[in-house]
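Protein chains in written order, with this note's numbering: chain A, 174 to 492; chain B, 174 to 492; chain C, 174 to 492; chain D, 174 to 492.
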């Protein structure tokens, strides 16, 4: 039996460990692993080839994804989805593992409504915005890259009376920002899920400064588009020189943490096991309260991830 | 009400975030936080003083513990335990949070059988060898420090035909070694919980070498005391020059990971909440399948931690 | 004899090792070390106190500066400079070591023209823009922090067809950007010292893309204010989605590298030796071609640092 | 004209940047670059092939060496040296760049006395034990890897009253140990170049402990073979529990620092330039006081590297 693996959408640290485990484990099960290169665009164009052990030697600690990824516009058109499906058939691939996020799962949900597909999606995104799973491959590494940056800024912050605004990733989901603010002890955190209460923040900061605080650390989700505005507000209202850091794609790089590698291995082994024993099944791997499971793809893409209210509660401690 | 925090036994990254949260949260609750310095020896000697906000400013990213720790021999004698207890009374401390491991909890179990104690232990040890909790403060940081070392060794390993033996911590528990071996793709892993099957390993390695493998990475728990022997075995049986690395206390250092900070915060807040609402309670915080809870201290110290059989199963994939 | 140390202007990694060596070495010489806190503002306000060994214990690996720094506007007025001078007299401080950059040395040059001063400036700035010295304390650490960020971006860059624009520090001096671009193999580098030749760059990039290049890494000095413009240009002319990273104050943080610690030790020992044997001397420590020396402060502040033409030549290899 | 590059002996971080620059620069000069794989053993066996741009894409931040290295016993025999030479002729290779250390240069000195060779050696070893050059490729990265380990140990050291013995590389040369001890503020440093004066050390440590010191950090060169003995001595004479760390090959791994990359680029460009303009020349690249130059290979291999007495002087400050 032939199984294939594909990456889709933004990359996340941990893709390579998942790809390695996929190849090793499929061989262990006596089946044949395939790579789909360059995401859904590659699937449309038939960039598919058998995977070998040596292709995945020494990649477990590399960021990125050796089979590359893409965002495909063509996949929105039926004609190209049909081509993609036919390419899988052509190689007699009976099951597909996809490392991707919400948007990519949506694309596969569409495909599976049109063609017979045996598919497991593995939540892989640093944004942690997928319904039904507590975490995704890449989140832990991204959080620790941000932590390292904040540790560095804190070192220098205490030397000079200044405010710092650090923009982290997260388009519609403030998870990275919230956890980073909590674990680094930031004074301000702006996320898409909550309004920034300026008067409360101002009162709180003025009190802290009166008591001796001499610098301010703020974390902002890129999705709020408030980075520049917050910096101006701090300069004007608090009167501290303010410096901006935009972490950008540093957050997608670096050697995957132990947690992300473990999650990648566990998800992948379970996904392969499922594909080997099923037909026309369309699932997404999840982890909830430390237990692995699967959900129907429609459920995952139809519902919206909501940030844990307890996490938001811990944030309130800051204001 | 006055609550105190104490560190006992070997230190672990994440102690400082727990100490900071303890001070901040006790104040938030309107109560008075105290430090006990230098572990149980300090408790015997009355090294106790009120904690201030500024004592814990900027410590969240520091390894070690600002209130220091110790292993106390005197605490084995009743007379000194009595003195310790009286020192708590003297400062009117009605609840004690201890960051420590198995041995330290055992000491407190003894104390609580002799005197009225309101106590919560927080599992804090990189060994991850405490019954009833899936993980402890410090484990995630230690695993990622080991990962960083193994990533470096792997870089150089592929350049030269050599075998590497890396000794990691873990006296009676092979958790660090096992997870490190799995997530770094080591070829050999020796832990106290499992016998090293030389003939199986030899057959497996010879096959891999015949297929092109040109280096071997092995992880050894210090508790096995097999580091030197394994190196000799590799040189003799495999015929590869072998190099030893003993990571030692590097594994206890470094900035705590996001997971360890979060765990420290969650454990500490719950511990304080419990102490504020209880009397003569002797608990240990635990996390099981992602849910926080508490266990009776007798249960934790009477039973022995067993490594997850599934983890051992993943290791078998290596041989 | 009493000697004091002061930090002025933007902080740089390596200040703490210099401060530690100052205290240890002055004591070793049998004299008394003083701290001036909070830079020139602190000097004006008399924030001066004797330094003790234990003040500098365990600080060698910390970023920032334990005695803090500032930019003083008041120091531009004679009345405040007089006050600053009188504060030094009041404590009977006969020599002053300043860790700072161009602007701070200019301030001291002014002071020394008005009052009798025994002064040594130690070039301390990540910008590396001081005349007469090949490097400054902090430059090596900043370069390696940037390198770490670029290594992470490169990991992810090769997974997705994208362009990256990374803004690094450097107001009037492109040293950090140039060395980072050379050692990370960036395709584009914009610095204040050289005009960006768009047509040459476009031709070069198009050729590379035709030959298979699928991502572009660009480094920009903040002083060029070209970050956003370059990103737009890449999107429009090259047609690659472009992502911006602004490293900001991460570059001032982190544990000082071995080179920066060594430089801090060597500069500080020589500065103290000079102060102990001189009067009304106003010097700046320099290192040229691996040899330590001193220059008159007027010479350093009157002349302008020029980036090594050979370095610019290596950059041209990129276009 | 065809030029080849070869790695020999122990690997060092910075080999990959040198290999990349070699390929890029030889092409830039309009000539043809070759790889010799697996060191001198590979040269004997004719493992030589033309290098392409894409072979060296994205390797600048990788430890190790993509063309691998070896220590060849066969090269001691004339017959194999002859074979090696003939393999170079067969591919019409008129110049050879070797990344290696003392032993490898000795081998090439021998070869060049027997056959006509156009050769430049580039000092590449973390030991920094090559005559005539202030530093070698790999030294700066190794020093910073050691620093990172010592920073971690220091964090934990201050929590518990303990002594730490850290063994670093350096067979006959204590450079790594000495610089690490100086820049990390270690209390004890044992190197092959100096005898360990136990009575002086004991007196010094006892005084420090009396004054409040509660932990001891010691650095030992592996070449002294004193690691275990020092640990026993500390336990017995000082009475502190002592823990050993043997860093091993971690020191050869990790992403090359900016300095090591720059050194690799500068050495390689100069080596290629020289080979293109010379015949039967046998040189070694050096850097002295920040200036690049070349020395005759006989001079380099006949003389012995001596550690800078000033460095030893700075060490004496420790005792």
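C-beta atoms are modelled at their ideal positions from N, C-alpha and C, and glycine is treated no differently.
Q) Taking Cβ positions, are residue 233 (chain D) and residue 202 (chain D) nearer each other than 7 Å? A) For the pair residue 233 (chain D) and residue 202 (chain D), the CB atoms are not nearer than the 7 Å cut-off.
Q.
What does the Cβ neighbour count give for residue 315 (chain D), buried or exposed, with the cut at 16 atoms within 10 Å?
A. Looking at its Cβ environment, which holds 16 or more other Cβ atoms inside 10 Å, residue 315 (chain D) is buried.
Q) Measuring CB to CB, does residue 313 (chain A) end up less than 7 Å from residue 481 (chain A)? A) It is not a contact, given that the beta carbons lie outside the stated cut-off.
Q) In chain B, which residues lie with their C-beta within 8 Å of the C-beta of residue 443 (chain D)? A) Near residue 443 (chain D) there are no residues of chain B at all, since even the closest Cβ is about 24 Å away, more than 8 Å.
(Q) Does residue 413 (chain A) come out as helix, strand or coil in the three-state DSSP assignment? (A) Residue 413 (chain A) sits in coil when the DSSP states are folded into three classes, being neither helix nor strand.
Q) Taking just the CA atoms, how far does residue 377 (chain C) sit from residue 466 (chain A)? A) Taking the straight line joining both Cα atoms gives about 50 Å.
Q. For residue 459 (chain C), which option in C:174, C:310, C:249 and C:217 has the closest C-alpha, if you only look at C-alpha atoms?
A. Of C:174, C:310, C:249 and C:217, the residue nearest in Cα terms is C:310.
Q: Mind checking which residues open and close the beta strand (DSSP E) that includes residue 455 (chain C)?
A: Looking at the DSSP string, the run of the beta strand (DSSP E) that includes residue 455 (chain C) is 455 to 461.
Q) Count the other CB atoms within 10 Å of the CB of residue 296 (chain A); is the residue buried (16 or more) or exposed (fewer)? A) Counting the other Cβ atoms within 10 Å of the Cβ of residue 296 (chain A) gives 16 or more, which makes it buried.
Q: Could you name the residues of chain D that residue 422 (chain B) contacts, counting a contact when the two beta carbons are closer than 7 Å?
A: Identification of chain D residues near residue 422 (chain B) by a Cβ-Cβ cut-off of 7 Å yields 326, 329, 337, 416 and 418, ordered along the chain.
Q. Leaving out five residues before and five after residue 472 (chain C) in sequence, what residues of the same chain have Cβ atoms less than 6 Å from its Cβ?
A. Around residue 472 (chain C): no qualifying Cβ.
Q) Rounded to a whole number of angstroms, what is the C-alpha to C-alpha distance between residue 474 (chain C) and residue 318 (chain C)? A) Between residue 474 (chain C) and residue 318 (chain C), the alpha-carbon positions lie close to 28 Å from each other.
Q.
residue 423 (chain B) and residue 394 (chain B) - do their beta-carbons sit closer together than 7 Å?
A. Cβ atoms of residue 394 (chain B) and residue 423 (chain B): not closer than 7 Å.
Q) Run through DSSP, which three-state label would residue 290 (chain A) get? A) Assigned with DSSP and collapsed to three states, residue 290 (chain A) falls in coil, not helix or strand.
(Q) I need the straight-line Cα distance from residue 476 (chain B) to residue 304 (chain B), nearest angstrom please. (A) Looking at the backbone, the Cα of residue 476 (chain B) and that of residue 304 (chain B) are separated by about 6 Å.
Q: For residue 268 (chain A), return the contacting residues in chain C, with the cut-off set at a CB-CB distance below 8 Å.
A: Listed along chain C, no residue sits closer than 8 Å to residue 268 (chain A) by beta-carbon distance, the nearest being about 23 Å off.
Q. With contact counted as at least three CB pairs below 8 Å, one residue from each stretch, are the region 273 to 287 of chain A and the region 387 to 404 of chain A in contact?
A. The region 273 to 287 of chain A vs the region 387 to 404 of chain A: no contact.
Q | Cutoff 6 Å; reference residue 456 (chain C); Cβ partners in own chain excluding five residues on either side | A | Excluding sequence neighbours, residue 456 (chain C) sits near 293 and 467.
Q. Applying the criterion that 16 or more other CB atoms from any shown protein chain within 10 Å of the CB defines a buried residue, is residue 189 (chain D) buried or exposed?
A. Its Cβ being crowded by 16 or more others within 10 Å, residue 189 (chain D) is buried.
Q: Keeping to the same chain, check which residues put their C-beta closer than 6 Å to that of residue 116 (chain D); ignore five residues upstream and five downstream.
A: Since the first residue shown for chain D is 174 and the last is 492, residue 116 (chain D) is missing from the structure and cannot be characterised.
(Q) Taking DSSP's pairing of strands, which residues face residue 464 (chain A) in a bridge? (A) In the DSSP output, where bridge partners are listed per residue, residue 464 (chain A) has A:461.
Q | Rounded straight-line distance, which links the Cα of residue 411 (chain B) to that of residue 379 (chain B) | A | Residue 379 (chain B) and residue 411 (chain B) have their C-alpha atoms some 7 Å from each other.
Q) Does the beta carbon of residue 434 (chain C) come closer than 7 Å to any beta carbon on chain A? A) Taking CB atoms only, residue 434 (chain C) has no neighbour in chain A less than 7 Å away.
Q) Between which two residues does the beta strand (DSSP E) harbouring residue 268 (chain B) extend? A) Here the beta strand (DSSP E) through residue 268 (chain B) covers 266 to 273.
Q) Could you give the residue range of the alpha helix (DSSP H) that holds residue 297 (chain D)? A) Taken as a continuous stretch (DSSP letters only), residue 297 (chain D) belongs to no alpha helix (DSSP H), as it is neither H nor E.
Q. Buried or exposed: where does residue 186 (chain D) fall if 16 or more other Cβ atoms within 10 Å of its Cβ makes it buried?
A. The Cβ neighbour count for residue 186 (chain D), taken over all protein chains shown within 10 Å, is at least 16; the residue is labelled buried.
Q: Please check if any C-beta of chain B sits within less than 7 Å of the C-beta of residue 495 (chain A).
A: There is no way to answer for residue 495 (chain A), as the model of chain A reaches only from 174 to 492.
Q: Give the single residue among A:218, A:264, A:217 and A:252 whose Cα lies nearest to the Cα of residue 224 (chain A).
A: Measuring from the Cα of residue 224 (chain A), the nearest candidate turns out to be A:264.
**Q.** Range of the contiguous alpha helix (DSSP H) that encloses residue 192 (chain A)
**A.** For residue 192 (chain A), the enclosing alpha helix (DSSP H) has its first and last residue at 188 to 201.
Q: Provide the residue(s) that pair with residue 222 (chain A) in DSSP beta bridges, ordered along the chain.
A: Its beta-bridge partners are A:208.
Q) Across which residues does DSSP place residue 420 (chain C) in a beta bridge pair? A) Note: residue 420 (chain C) sits in no beta bridge, so no partner.
Q. Is it right to say residue 267 (chain C) is buried, meaning 16 or more other beta carbons lie within 10 angstroms of its own, or is it exposed?
A. By the neighbour-count rule (16 or more Cβ atoms within 10 Å), residue 267 (chain C) is buried.
Q: Have a look at D:250, D:470 and D:367 and flag the residue whose alpha-carbon is nearest the alpha-carbon of residue 282 (chain D).
A: Nearest C-alpha to residue 282 (chain D): D:470.
**Q.** Where the alpha helix (DSSP H) through residue 340 (chain C) begins and ends
**A.** Careful: residue 340 (chain C) lies outside any alpha helix (DSSP H), inside the beta strand (DSSP E) at 335 to 341.
(Q) On the DSSP letters alone, give me the boundaries of the alpha helix (DSSP H) that residue 353 (chain B) sits inside. (A) Residue 353 (chain B) -> alpha helix (DSSP H) spans 348 to 357.
Q | Contact check, residue 231 (chain A) vs residue 454 (chain B), beta carbons under 7 Å | A | In this structure, residue 231 (chain A) keeps its C-beta atom at 7 Å or more from the C-beta atom of residue 454 (chain B).
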